[in-house]
Amino acid sequence: HWPARATADAVVIGSGAGGAMAARELARAGLSVVVVEEGTRYRVEDFRTREPLERFAGLYRDGGATVAWGRPPVLLPLGRAVGGTTVVNSGTCYRPPAPVLARWREEAGDRIVDRIETAVPEVERTLLVAEQPLDVLGRNGLLALEGARRLGWRAGPLRRNAPGCAGSCQCAVGCPRNAKNGVHLNALPQACAAGARIVSELRVDRILVERGRAAGIAGRRGDGSAVEILAPLVVVAAGATETPPLLRRSGLGGHPWLGRNLALHPAISLAGRFAEPVDPGRGVLQSAGIEQWHDEGILIEATAAPRGMGTFVLPGLGSRLRAELDGADHLATLGAMIADEPSGRVLGGRSTLLRYRLAPADERKLRRALVVLGDVLFAAGATEVLTGIARHPRAKNPAQLRDIVARVPAAQLHVAAFHPTGTARLGTDPRTSPLDPRGRLRGVRGVYVADASVLPSCPTVNPQITIMAAALAISGGIVADCPFTACPSGRGCGAAKGVEGCRE
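Numbering follows our numbering, in which position 342 of the sequence shown is assigned residue number 337; successive positions increment by one, without gaps.
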């Protein structure tokens, strides 16, 4: 039960990577914090008793069918649950690369980037990050490592937040062992231990503003009942695709760059057929990384699919597709993500529309990525590769694959993405950055953003660590920069409003 009206010192909108860390930091500073989440709270029993495909629809926004429209369209599965996308991501943990941080310093300044970099070790401790042991990788990952070894390319097991992983290959639909250490198992319980409360299945309609300052949120529960939570501090962590529409429908969407600057980190995949069984459903879903081409903006990761969920690359329909599925145990799958230009937009307020224009340079990277994926699979011993391209579904050797890749129209490429960023970027230039370097929304007091939308550009790696570090940096800055603890009542920001010397 949750009352129709409540009060708090701070409301955090969203319980994923960013929202969880912000809530924990503010609660530990003594603020009364309420986290509101549109999705459902899932328990490990839900993941043990339902089939992967059945779980998928409930765990993802739009049933996993969100699309960024363009040529080609980009499928963009987005988690929606208590814990956000950390419940359904692969568990891969990369630190933000030094060249990315250097670029962000130019756009956002040293102070916030220093805070992000300093926060990374704490994020890794929270998630219990460690390199994945070889004995649970599974043959899908081992084949990727073998192919890279034969080519002389840099590769190794990925670092992950899954200390108890047994290789069930179900990360994308909720781990049935609670082995993947998403924020629903650490930062959120830690926030609650410090006094925070979580309200699930509550969609925020708008942020309340009075006299130029945040006053709370208004929303509706799943049963349609209205809820208001009054608070002078609102931290938006709804994600790069939902934060801009929320700000717009709250009357806070006036900045011309809000919703622009969308990067997706587009991904493309290739499967190789092997004479011996691969059994891709046994092992780590995303197990091995090949970093040979990362400096050129291509990051390769061995990524399998949960049992019963198939893969984009299988050709045919009906009986032909069934025959392909019968041989799926002999397929090893690799994916590659490219560091893209932020050429997309998030449109709309009441509903969300995503547009994405694949830049010519990024199209060339995707084509190059397909070629190097094929090089790895053939080097590992694949007898053929499956491309997912309707008119050219198979290649028997690297030369044939290169020919297919050179001729296929971009609109026929099967592109997905999992890492939208940048739509409310922070920065020093008020003309191009909706947020100031502290993460505060320009033009209103008491509204901050602490999710993937604050990142100035594509982080070029799986962004879980980077998002959490950015949220910790922003929320830590709120605590450090404002005299919450100096309030006469000791209650925090709610009592601070109007006190002489309060910077908010």
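Cβ atoms here follow ideal geometry from the backbone N, Cα and C, with glycine treated the same way.
Does the Cβ of residue i have 16 or more other Cβ atoms within 10 Å, making it buried, or fewer, making it exposed?
i	result
residue 391	exposed
residue 339	buried
residue 438	exposed
residue 422	buried
residue 361	buried
residue 56	buried
residue 346	exposed
residue 322	exposed
residue 255	buried
residue 13	buried
residue 10	buried
residue 300	buried
residue 238	buried
residue 374	buried
residue 364	buried
residue 110	buried
residue 357	buried
Please classify residue i: does DSSP put it in a helix, a strand, or coil?
i	result
residue 483	Its pLDDT being 38, under 50, residue 483 is placed unreliably in this model, and the value from its coordinates should be taken loosely. Residue 483: coil per DSSP, three-state reduction.
residue 207	coil
residue 122	helix
residue 370	helix
residue 50	helix
residue 237	coil
residue 344	coil
residue 109	helix
residue 384	coil
residue 261	coil
residue 317	helix
residue 455	coil
residue 467	helix
residue 159	coil
residue 24	coil
residue 11	coil
residue 378	coil
residue 142	helix
residue 79	helix
residue 73	coil
residue 45	coil
residue 326	strand
residue 183	helix
Just to confirm before moving on: does the CB-CB distance between residue i and residue j stay below 9 angstroms?
i	j	result
residue -3	residue 194	yes
residue 341	residue 199	no
residue 430	residue 447	no
residue 262	residue 332	yes
residue 469	residue 91	no
residue 501	residue 415	Any property of residue 501 remains undetermined from this structure, which presents the chain solely from -4 to 499.
residue 265	residue 369	yes
residue 413	residue 260	yes
residue 269	residue 318	no
residue 139	residue 297	yes
residue 155	residue 281	yes
residue 166	residue 77	no
residue 209	residue 434	no
residue 67	residue 406	yes
residue 29	residue 1	yes
residue 294	residue 124	no
residue 389	residue 310	yes
residue 349	residue 21	no
residue 162	residue 133	yes
residue 240	residue 343	yes
Per DSSP, residue i is paired with what?
i	result
residue 280	Bridge partners of residue 280: none, in fact.
residue 298	281
residue 271	According to DSSP, which records beta bridges pairwise, residue 271 is partnered with nothing at all.
residue 443	230 and 435
residue 202	212
residue 223	0 and 213
residue 332	262 and 294
residue 64	350
residue 154	126
residue 192	29
residue 37	Residue 37 pairs with nothing; no bridge assigned.
residue 416	258
residue 100	The partner list for residue 100 (beta bridge, DSSP) is empty, contrary to what the question assumes.
residue 87	155
residue 410	69
residue 58	Its beta-bridge partners do not exist; DSSP assigns none.
Taking 8 angstroms as the cut-off, is the beta-carbon of residue i closer than that to any non-hydrogen atom of the ligand ZN?
i	result
residue 138	Inclusion of the ligand ZN in the displayed structure is not the case, the ligand content being empty and no account of it being possible.
Cβ pair count under 8 angstroms reaching 3, the segment 465 to 473 against the segment 1 to 20: yes
Meets three-Cβ-pair contact criterion under 8 angstroms: the segment 165 to 180 and the segment 76 to 86: yes
Cβ contact check for the segment 211 to 230 and the segment 47 to 55: 3 or more pairs under 8 angstroms: no
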